[in-house]
Each structure stands twice: as C-alpha cells, then as structure tokens.
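**Q** Using this note's numbering, you'd call the opening residue of the sequence shown number 1269 and step up by one each time. Even glycine gets a Cβ: it sits at the ideal position worked out from N, Cα and C.
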Amino acid sequence: GMLSAEALADLGAREYLDTFHLEFYLRDALAQFLSSAQRGREASPSPAEFFANYFDAVLKGRQVSNRPYRFVKATPLNRRSFVRFLREGLGGIEAPEETVATAHDLH
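1) How big is the Cα-Cα spacing for residue 1330 and residue 1291?
2) Quick one: what does DSSP say residue 1345 is sitting in, helix, strand or coil?
3) Count the C-beta pairs between the region 1302–1316 and the region 1274–1294 that are closer than 8 Å, then say yes if the count reaches three, no if not.
4) When you compare each of 1323, 1274 and 1304 to residue 1294 by their alpha carbons, which one comes out closest?
5) Using the Cα positions of residue 1305 and residue 1361, report the straight-line distance between them to the nearest angstrom.
6) Output needed for residue 1353: all residues of its chain with C-beta closer than 8 Å, excluding positions within five of it in sequence on either side, in chain order.
7) Excluding sequence positions up to five away, which residues of its chain have a Cβ less than 6 Å from the Cβ of residue 1289?
8) For residue 1296, is the classification buried or exposed, using 16 other Cβ atoms within 10 angstroms of its Cβ as the cut-off for buried?
9) Taking a contact to mean a Cβ-Cβ separation below 7 Å, would you say residue 1339 touches residue 1318 in this structure?
10) What first and last residue would you give for the alpha helix (DSSP H) that runs through residue 1318?
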C-alpha cells in the first residue's frame, strides 16, 4: 500500500530507491537517452528536457507504451500502468463480452 509521510521520511536512501524502483527507472532513462542520442535526431531535447519528459511519462503511466514485456513486468508501477493503458485502449469496444480478440489484434 501507500506509505505515510512519516514512513517515507524514515526510509534510508537505499530503502527509498528500492521502494520506488528509482534505480531501474534511472538506468532505463539513461539507456533511452543514449539510444536517442545515437540515432542523431536533429531536434532532440536537451538532457534536462529528455529526463523531465521521461519521468513525466512515468508519473502519468505512459512509460509502458511501445515497450517490451520485460519492461512492463519489471515494476509494480509498470504493471499497473499497463493494465490502465489496456483498459483505456479497450474502452471503446461497444460489447466487450461479445467481442473476440486475439493477441494478434493487440499488436
């Protein structure tokens, strides 16, 4: 569940990083940044803008879009974000109980 403000304040640095999987996201953000820099985009954002956009996507639950399964399953937040993303994507189906969808339809 959610930690109280007092419980958060009592966490040590390593516990805080582990609780919120920050090392995972920092490593992924760095890998994404380096990958985008290697592609040599002309209008690429500054490093500060890139990381701000990355963590904004994480906070809004958009980080799982177009990412592999191993990324989706890596953290509880990613799994919750994927479920929400899937629910939103399937929300437009008029009669879901009568609609047959295969894995191919979801790609």
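**A** To lay it out plainly:
1) Between the C-alpha atoms of residue 1330 and residue 1291 there is a straight-line separation of about 18 Å.
2) The DSSP-derived three-state label of residue 1345 is helix.
3) Counting Cβ pairs under 8 Å, fewer than three are found: no touch.
4) Of 1323, 1274 and 1304, the smallest CA-CA separation from residue 1294 is found for 1323.
5) Distance from the CA atom of residue 1305 to the CA atom of residue 1361, rounded to whole angstroms, is 39 Å.
6) 1329, 1330, 1332 and 1333, listed in sequence order.
7) Around residue 1289: 1343.
8) Buried, by the Cβ-count rule.
9) Contact flag unset, no.
10) For residue 1318, the enclosing alpha helix (DSSP H) starts and ends at 1315–1328.
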